[in-house]
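A.B. asks: Below is a structure I'd like to ask you about.
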């Protein structure tokens, strides 16, 4: 069921599908929308899990607001959505904790939510996510105009109309070039089982991804060969399969020859 929900005074587009006992919340990428993940990996997951997604402020069908964008504000909004989902209401009842699957900017939001409200989170999947702004390569956006692949999705859905796109893209570029500013010590505070999933030719620098993985006390790493930052579309079934296996599997993996995990015990 997709509908607008008042979340802390923000008229937020929320879409909930499936009917599993566990709720997986999909957090879309920057300048994207909830359909991106719901209509790709979400289709594979909704057969087993209750899958929810929402459009952040200025994204998809949720209108923009005045002022700059900040990941902390996005995390505040996400927390309010999770509390709404946990409490029922317009989107129905749900378990009190959630599995968060965040792609790109959505992965950053997932990290911040886990740090601020660990009680709301069970497991994390971080797809092509960075914890510091210096962890990404330069974006091949050109001048960010209408020829950008991001424009069509924005123009089709935004209640502000396509004329808002230049404002939104400028706010987004300012944010991603100055935020986030987390450290490996911050990341090390996340005690949830976490899957770090990237392409071998990702927008996120490989050494940064490894630093993220190594800082996580309960991290797992998956690097997909022949994949870019858009791996959720390039390798849809494989990505959904890896995520599904992680979500349904044991919280702590048992391997035949542990090295890193043996040292952590």
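Numbering (the UniProt record's numbering), first residue to last: 1 to 265.
For every residue, glycine included, the Cβ atom is placed at its ideal position computed from N, Cα and C.
My understanding is that residue 120 touches residue 97, with C-beta atoms under 8 Å, so please give their C-beta distance in whole angstroms.
C.D. replies: 6 Å
A.B. asks: Quick check: is the beta carbon of residue 73 nearer than 8 Å to any beta carbon in chain C?
C.D. replies: Absence of chain C from the displayed structure is noted, only one protein chain being present.
A.B. asks: Can you give me the C-alpha to C-alpha distance between residue 109 and residue 258, rounded to a whole angstrom?
C.D. replies: 31 Å
A.B. asks: Hey, could you find the ends of the alpha helix (DSSP H) residue 23 is sitting in?
C.D. replies: For residue 23, there is no enclosing alpha helix (DSSP H); the residue is part of the beta strand (DSSP E) that begins and ends at 23-27.
A.B. asks: What does DSSP give as the partner residue(s) for residue 273 in the beta ladder?
C.D. replies: Shown here, the chain extends from 1 to 265; a query on residue 273 therefore has no answer.
A.B. asks: Using the three-state DSSP reduction, which class does residue 39 fall into: helix, strand or coil?
C.D. replies: coil
A.B. asks: Run the CB neighbour count on residue 219, radius 10 Å, all protein chains shown included, and call it buried at 16 or more, exposed below.
C.D. replies: By the 10 Å Cβ count, residue 219 comes out buried.
A.B. asks: Counting C-beta neighbours from all protein chains within 10 Å, is the total for residue 94 16 or more, i.e. buried, or is it exposed?
C.D. replies: In this predicted model, residue 94 has a pLDDT of only 41, less than 50, meaning its place in the structure is not dependable enough to derive any value.
A.B. asks: Would a C-beta distance cut-off of 8 Å place residue 224 and residue 235 closer than the cut-off?
C.D. replies: yes
A.B. asks: How about residue 179 and residue 133: do their beta carbons lie closer than 8 Å?
C.D. replies: yes
A.B. asks: Are the Cβ atoms of residue 239 and residue 79 separated by less than 8 Å?
C.D. replies: no
A.B. asks: In chain order, what residues of the same chain have a beta carbon less than 6 Å from the beta carbon of residue 255, not counting five sequence neighbours either side?
C.D. replies: none
A.B. asks: For residue 278, does the three-state DSSP call read helix, strand or coil?
C.D. replies: The requested residue 278 does not occur in the structure, where the chain is confined to residues 1 to 265.
A.B. asks: In three-state DSSP terms, what is residue 98?
C.D. replies: Here residue 98 sits in strand by DSSP.
A.B. asks: From the DSSP output, in three-state form, read off residue 253 for me.
C.D. replies: Residue 253 falls in the coil class under three-state DSSP.
A.B. asks: Kindly indicate the opening and closing residues of the alpha helix (DSSP H) around residue 156.
C.D. replies: 151-157
A.B. asks: State the Cα-Cα distance for the pair residue 166 and residue 253, rounded to the nearest angstrom.
C.D. replies: 46 Å
A.B. asks: DSSP three-state call for residue 2: helix, strand or coil?
C.D. replies: Looking at residue 2 - three-state DSSP - the assignment turns out to be strand.
A.B. asks: Look at residue 266 and residue 53 and say whether their C-beta atoms are less than 8 Å apart.
C.D. replies: Residue 266 lies beyond the stretch modelled for the chain, which goes from 1 to 265, so this question has no answer here.
A.B. asks: Tell me which residue opens and which closes the beta strand (DSSP E) that residue 200 is part of.
C.D. replies: 194-201
A.B. asks: Short check: CB of residue 23 to CB of residue 55, under 8 Å?
C.D. replies: no
A.B. asks: Would you mind sorting residue 15 into buried or exposed? The rule is 16 or more other CB atoms within 10 Å of its CB.
C.D. replies: buried
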